[in-house]
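Taken in order, the sequence shown gives residues 378 to 425; the numbers are from this note's numbering. To start, the structure itself, in structure tokens.
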Amino acid sequence: MSRTDIIRTISILNQSAQLDFLQDFTTEELAAYLDKLRSIPSEPFCVE
378 MSRTDIIRTI SILNQSAQLD FLQDFTTEEL AAYLDKLRSI PSEPFCVE
């Protein structure tokens with residue numbers, strides 16, 4: 378996965394446009410962060 382793909386995927390997962398700070402990280406750091414995001418189980422949000 379290219380650096381651009383990693384940043385794009387993180388931005389989609391975070392649903393945030395405030396990701397300029399990602400440019401400061403190395404590709405390896407971004408890949409590790411992406412792996413961490415993917416390991417978090419996403420539970421549907423519900424209001425009771």
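The beta-carbon is built from N, C-alpha and C at its ideal position, and this holds for glycine as well. Given the structure is predicted, the values throughout are model-derived calculations rather than measurements.
Check, Outcome
"Rounded straight-line distance, which links the Cα of Asp412 to that of Arg385", "14 Å"
"8 Å Cβ shell around Arg380 - same chain, five flanking residues per side excluded", "Thr404 and Leu407"
"Local Cβ density within 10 Å of Ile387, reported as buried at 16 or more and exposed below that", "buried"
"Pairwise C-alpha distance: Ser416 and Ala409", "11 Å"
"Close-in-space but distant-in-sequence residues of the same chain around Leu390 (CB under 7 Å, 5 per side omitted)", "Leu414"
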